[in-house]
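Asks: Those letters in the sequence shown? Residues -19 to -1, 1 to 199, per mature numbering (1 follows the signal peptide of the UniProt record, and there is no 0), in order. This is the structure, below, for whatever I ask next.
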Amino acid sequence: MANMRILVLLLSLLVLLVADESSAKVSAIIVFGDSSVDAGNNNVISAVLKSNFQPYGRDFEGDRPTGRFSNGRIRPDFISQAFGLKPAILAYLDPLYTISDFATGVCFASAGTGYDNATSEVLNVIPLWEELESFKEDIADWGSSNGAFATGGTTNFIGQHDCLEEYNNVALEFNGKLEGLVSQLNKELLGLKMLFTRNAYDVFHDIIRRPSQYGKLY
Ligand SMILES: *[C@@H]1O[C@H](CO)[C@@H](O)[C@H](O)[C@H]1NC(C)=O
């Protein structure tokens, strides 16, 4: 763990996989981002944007709302489990969180945040830069790292019943640039394996276009 290397990172906003160089196995998953990946940080801060009430969490172990914007677990939890790590990643601000959790993964995400500081200011949530600062502090506490990371992201502004084309185009353009940056960093930073996925955009887009394919329509 002393010489860990950040291996892959994906999307919306992002999940960092930290690999142990000796075994090349993923040893930790670090999560940054917004409501799509918040595991409960907003529960603890004074933000209005929370999901610590039912029916959130009704399919989570113990039938309890955790602060995840979901009926159960969220994507980073599934990714963690798929790598043989814990089935649910703890929020950094969770009272139960200790630095030893950092060894296998932690979530710094805050629902409602965005790349622009103004986004988090409006909703009084944790700005992205602060998520990264907390990560850096914990890395310092935990040990050295020769890591590098990148972000992936998508957004989808919804109008009355449809998407706003103009904003969608901005999201697509952003994703295109990000994809280019990821491929550039993979070439420049030896040992780094970074993955960009636009799944978040495509899936959301499809849900909005064809809601009936994804379950009950209210
Ligand atoms: C966001 O705010 C932080 C802290 O004030 C500042 O360091 C950073 O430059 C700001 N980012 C942008 C893009 O304005």
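Here a beta-carbon is modelled for each residue, glycine too, at the ideal position from N, C-alpha and C. Nothing here was measured: the structure is a model prediction, and the numbers come from that model.
On the CB-based measure, 16 or more other CB atoms within 10 Å of its CB, does residue 132 come out buried or exposed?
Replies: Residue numbering aside, residue 132 sits at position 151 when the sequence shown is read from its first letter. Per-residue confidence for residue 132 stands at a pLDDT of 43, beneath the threshold of 50, marking its modelled position as unreliable; the derived number appears in the next sentence. Answer is buried; the Cβ neighbour count reaches 16.
Asks: On the criterion of 16 or more Cβ atoms from any shown chain inside 10 Å, does residue 17 qualify as buried, or is it exposed?
Replies: Mapped onto the sequence shown, residue 17 falls at position 36. The residue in question, residue 17, is buried, as its Cβ has 16 or more Cβ neighbours within 10 Å.
Asks: Report the residue from 91, 62, 6 and 37 whose alpha carbon sits nearest the alpha carbon of residue 206.
Replies: In the structure as shown, the chain begins at -19 and stops at 199. Residue 206 is therefore absent and cannot be evaluated.
Asks: At a cut-off of 7 Å, would you count residue 108 as near ligand 1, judging by its Cβ distance to the nearest heavy atom?
Replies: Counted from its first residue, the sequence shown places residue 108 at position 127. Flag set: Cβ of residue 108 near ligand 1.
Asks: Going by the beta-carbon positions, is the gap between residue 146 and residue 13 smaller than 8 Å?
Replies: Numbered from 1 along the sequence shown, position 165 holds the residue referred to as residue 146. Numbered from 1 along the sequence shown, position 32 holds the residue referred to as residue 13. It is not a contact, given that the beta carbons lie outside the stated cut-off.
Asks: Between the alpha carbons of residue 48 and residue 41, how many angstroms are there, rounded?
Replies: The residue given as residue 48 occupies position 67 in the sequence shown. The residue given as residue 41 occupies position 60 in the sequence shown. For residue 48 and residue 41, the distance between alpha carbons rounds to 11 Å.
Asks: If I follow the unbroken beta strand (DSSP E) through residue 6, where does it start and stop?
Replies: Within the sequence shown, numbered from 1, the residue matching residue 6 stands at position 25. Where residue 6 is concerned, the enclosing beta strand (DSSP E) stretches over 6 to 13.
Asks: Can you round the beta-carbon distance between residue 71 and residue 82 to whole angstroms, since I take them to be within the 8 Å contact cut?
Replies: To locate residue 71, count along the sequence shown from 1; it is residue 90. To locate residue 82, count along the sequence shown from 1; it is residue 101. Indeed, because the Cβ distance is near 5 Å, the residues count as touching under 8 Å.
Asks: Determine the DSSP secondary structure at residue 206, reduced to helix, strand or coil.
Replies: Here the chain has residues from -19 to 199 only, and residue 206 is not among them.
Asks: If I'm right that residue 30 touches residue 95 with Cβ under 8 Å, what's the distance once you round it to whole angstroms?
Replies: Stepping through the sequence shown from its first residue, residue 30 is reached at position 49. Stepping through the sequence shown from its first residue, residue 95 is reached at position 114. No, residue 30 and residue 95 are not in contact; Cβ-Cβ is about 12 Å, not under 8 Å.
Asks: Where do the ends of the alpha helix (DSSP H) carrying residue 164 lie?
Replies: Here the question's residue 164 lines up with position 183 in the sequence shown. Here the alpha helix (DSSP H) through residue 164 covers 146 to 169.
Asks: Roughly how many angstroms separate the alpha carbons of residue 78 and residue 87, rounded to a whole number?
Replies: Sequence index remark: in the sequence shown, residue 78 carries index 97 (1-based). Sequence index remark: in the sequence shown, residue 87 carries index 106 (1-based). The straight-line gap from Cα to Cα measures roughly 8 Å.
Asks: Let me know the beta strand (DSSP E) ranges lying completely inside the segment 73 to 120, each 3 residues or longer, listed in chain order.
Replies: Counting whole runs of 3 or more residues, the segment 73 to 120 contains the beta strand (DSSP E) stretches 86 to 88.
Asks: Taking only three categories from DSSP, how would you classify residue 138?
Replies: Looking up residue 138 in the sequence shown gives position 157. Unreliable placement is indicated for residue 138, whose pLDDT of 43 sits below 50; no coordinate value is reported for it.
Asks: Taking DSSP as the reference, what is the three-state secondary structure of residue 26?
Replies: The residue labelled residue 26 in the question sits at position 45 within the sequence shown. Here residue 26 sits in coil by DSSP.
Asks: For residue 21, which residues from the same chain have a beta carbon less than 7 Å from its beta carbon, with the 5 sequence-adjacent residues on both sides left out?
Replies: Counting from 1 along the sequence shown, the entry for residue 21 is found at position 40. Counting only Cβ-Cβ distances below 7 Å, and skipping sequence neighbours, we find 47, 48, 49, 72 and 75.
Asks: Could you check if residue 98 belongs to the surroundings of ligand 1, using beta carbon to heavy atom distance under 7 Å?
Replies: Reading the sequence shown from its first residue, position 117 is the one you call residue 98. Residue 98: yes, Cβ under 7 Å from ligand 1.
Asks: Taking residue 39 as the reference, give the member of 28, 26 and 54 with the closest Cα.
Replies: Position 58 of the sequence shown, counted from the first residue, corresponds to residue 39. Checking every option, the nearest Cα to that of residue 39 belongs to 54.
Asks: Express the C-alpha separation of residue 153 and residue 160 in angstroms, rounding to a whole number.
Replies: Walking along the sequence shown from the start, residue 160 turns up at place 179. Walking along the sequence shown from the start, residue 153 turns up at place 172. Each residue's Cα considered, the two are about 10 Å apart.
Asks: Could you work out which residue in 118, 187, 166 and 121 is closest to residue 149 when comparing CA atoms only?
Replies: Within the sequence shown, numbered from 1, the residue matching residue 149 stands at position 168. It is 187 whose Cα lies nearest to the Cα of residue 149.
Asks: So residue 119 packs on residue 60, CB below 8 Å; how close in whole Å?
Replies: Counting from one through the sequence shown, the residue named residue 119 turns up at place 138. Counting from one through the sequence shown, the residue named residue 60 turns up at place 79. In fact, because the Cβ distance is near 19 Å, the residues do not count as touching under 8 Å.
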